[in-house]
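The next block holds one structure in the form of C-alpha cells; read it before the comments.
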Amino acid sequence: MNQPNTIVVETRGAIEILTLNRPAQLNAVSPDMIAELTEYFAGLCDRPTTRVVILRGDGPQFSAGAELGSDAFAAPGKGRPQRQLRMQQNYSGVIRLMRSCPQPIIGLVHGAACGAGFSFLLACDVRFAAPDARMNAAYIRIGVGGCDMGSGYLLPRLVGLSVTSELLLTGRFLKAERAKAIGLVSDIAPLDELLAKGLAFAEEMLRVSPMGLRMTKQALNTLIDAPSLDAALMMEDRQQVILLETHDHAEAVAAFRERRDPTYSDQ
Numbered sequence: 176m177n178q179p180n181t182i183v184v185e186t187r188g189a190i191e192i193l194t195l196n197r198p199a200q201l202n203a204v205s206p207d208m209i210a211e212l213t214e215y216f217a218g219l220c221d222r223p224t225t226r227v228v229i230l231r232g233d234g235p236q237f238s239a240g241a242e243l244g245s246d247a248f249a250a251p252g253k254g255r256p257q258r259q260l261r262m263q264q265n266y267s268g269v270i271r272l273m274r275s276c277p278q279p280i281i282g283l284v285h286g287a288a289c290g291a292g293f294s295f296l297l298a299c300d301v302r303f304a305a306p307d308a309r310m311n312a313a314y315i316r317i318g319v320g321g322c323d324m325g326s327g328y329l330l331p332r333l334v335g336l337s338v339t340s341e342l343l344l345t346g347r348f349l350k351a352e353r354a355k356a357i358g359l360v361s362d363i364a365p366l367d368e369l370l371a372k373g374l375a376f377a378e379e380m381l382r383v384s385p386m387g388l389r390m391t392k393q394a395l396n397t398l399i400d401a402p403s404l405d406a407a408l409m410m411e412d413r414q415q416v417i418l419l420e421t422h423d424h425a426e427a428v429a430a431f432r433e434r435r436d437p438t439y440s441d442q
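In our numbering, the protein residues as written are 176 to 442.
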C-alpha cells in the first residue's frame, strides 16, 4: 500500500510498526485516519507474512481521541441520523478489523489515550505503557454514552465490570501504574525503551509457529464468549487436530528433540 498521510507503516521482517502520524494534532482521530486504518487492517488478512503488528503514536500523546471539529460529526438537517450512523460504523469498524485480523497487535501507549485512542488500545492483544500514560473513555464527557467503539464489550472482559463501570460512567483517567495493577497493561517501560519492549515481545511471538499464532488469537476471540466449558473444549480440540497435521508441528517437535531453534515455513 502507498505510504499514507495520517499513519506510517514500517516493516521490520515479519513485524510491522503502525504509527498514528498526526503529532501536531495530538494524533486526534479524523475520518481520514479512520479510512487509512480501515484499509490497513483489512489488508492484513491477505498478508500472512506480516505476523505481528505494533501500534503506537508519534509525538507527545498516543491519541487525544476523535477530532471534534472534523466532519466525523454530521451537519444538522434532514438525514443526519443516517449520515451519523454511517460515520459511527466507519469508526467502530476499525475495532472489528483489529480484533478479526489474524495478527496479534501490541499496543504501546504513552501520554494520553482518550476516547477513540483508548478503544484502539482495548482492541490490541497486549499493551505496554510508558510511565506518563493515562487513558480514559472520554465519550461520556462530551455528552454521549461511555460505551463506544467497543469499550463496553472489551473493557469488562479485560478488567471486570466494577472497574469498567467506574471508568465508563465518569470518563476519569486511568494512569499507568493502576492500569498495570488491574491487568490492562502488561508492563511499564521508560518512554525511550517502549518500542524496544514491544519489539522484544513481538520477537518472542515470532518463535512460535505462524498458523499456531493466528489460530490462538482466533480461538481467544471466540472462547471469551464460549457458552460453556464443553463448547470451549470442542473448539480447542479441533484447533489442535488441525495444527497437529502441519509441517510446522513436525518441525517444532524435531527442533525440540535436537535442541535447536525451529525453522517455520507456515506449511
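Glycine included, every Cβ here is placed at the ideal spot set by N, Cα and C.
Taking the C-alpha atoms as reference points, what is the distance between residue i and residue j?
| i | j | result |
| --- | --- | --- |
| L296 | N311 | 11 Å |
| V301 | Q259 | 31 Å |
| V334 | M324 | 17 Å |
| F303 | V284 | 6 Å |
| S361 | E185 | 24 Å |
| E420 | E368 | 40 Å |
| E352 | L344 | 21 Å |
| A429 | R435 | 9 Å |
| V416 | E378 | 26 Å |
| P256 | Q263 | 10 Å |
| L336 | I357 | 12 Å |
| L418 | R261 | 39 Å |
| V228 | A425 | 27 Å |
| R432 | A217 | 39 Å |
| N180 | P198 | 12 Å |
| D405 | S267 | 32 Å |
Among the candidates the options, whose CA atom is the shortest distance from the CA of residue i?
| i | options | result |
| --- | --- | --- |
| E191 | E352, A217, Q414, R226 | R226 |
| S340 | A203, A407, G320 | G320 |
| A394 | E379, P277, T213, E368 | P277 |
| I317 | C289, V228, L329 | C289 |
| K392 | L404, E411, L243, S403 | E411 |
| Q414 | L398, A298, R222 | L398 |
| S326 | V269, A308, I281 | V269 |
| L243 | R432, R382, A291 | A291 |
| Q200 | S337, P251, G232 | G232 |
| A189 | P198, A250, R382 | R382 |
Report all residues from its chain with a CB closer than 8 Å to the CB of residue i; omit the five preceding and five following residues, and keep chain order.
| i | result |
| --- | --- |
| D423 | S384, P385, M386, G387, P437, Y439, S440, D441, Q442 |
| G346 | N311, A312, A313, Y314, I315, R316, G321 |
| I182 | L193, T194, L195, N196, M208, E211, L212, Y215 |
| P223 | P277, P385, R389, D441 |
| D307 | H285, G286, A351, L366 |
Measure the Cβ-Cβ separation of residue i and residue j and say whether it is below 8 Å.
| i | j | result |
| --- | --- | --- |
| K372 | A364 | yes |
| R271 | N396 | no |
| F237 | G286 | yes |
| L230 | C299 | yes |
| P443 | M390 | One cannot answer for residue 443 here, as it falls past the ends of the chain, which runs 176 to 442. |
| L342 | L329 | no |
| G234 | N202 | yes |
| A305 | L366 | yes |
Excluding five sequence neighbours on each side, which residues of the same chain lie with their C-beta closer than 7 Å to the C-beta of residue i?
| i | result |
| --- | --- |
| R187 | none |
| C220 | C276, P277 |
| Q178 | In this predicted model, Q178 has a pLDDT of only 48, less than 50, meaning its place in the structure is not dependable; the value taken from the coordinates is given anyway. So the list is empty, once near-sequence residues are dropped. |
| V338 | I357 |
| R332 | I399 |
Around the C-beta of residue i, are 16 or more other C-beta atoms found within 10 angstroms, so that it is buried, or is it exposed?
| i | result |
| --- | --- |
| M176 | Summary for M176: the model assigns pLDDT 45, below 50, so the residue's position carries little reliability; its value from the coordinates is reported in the next sentence. Under this definition M176 is an exposed residue. |
| G160 | There is no way to answer for residue 160, as the model of the chain reaches only from 176 to 442. |
| A375 | exposed |
| F293 | buried |
| S205 | buried |
| R309 | buried |
| A427 | buried |
| I281 | buried |
Is the closest heavy atom of the ligand COA to the C-beta of residue i under 7 Å?
| i | result |
| --- | --- |
| A377 | As for the ligand COA, it is missing from this structure, which has no ligand bound. |
Suppose the cutoff is 6 Å on Cβ atoms and the five residues either side in sequence are ignored; what does the same chain contact list for residue i look like?
| i | result |
| --- | --- |
| A407 | L398, A401 |
| N265 | I209 |
| S403 | none |
| P251 | none |
| M409 | none |
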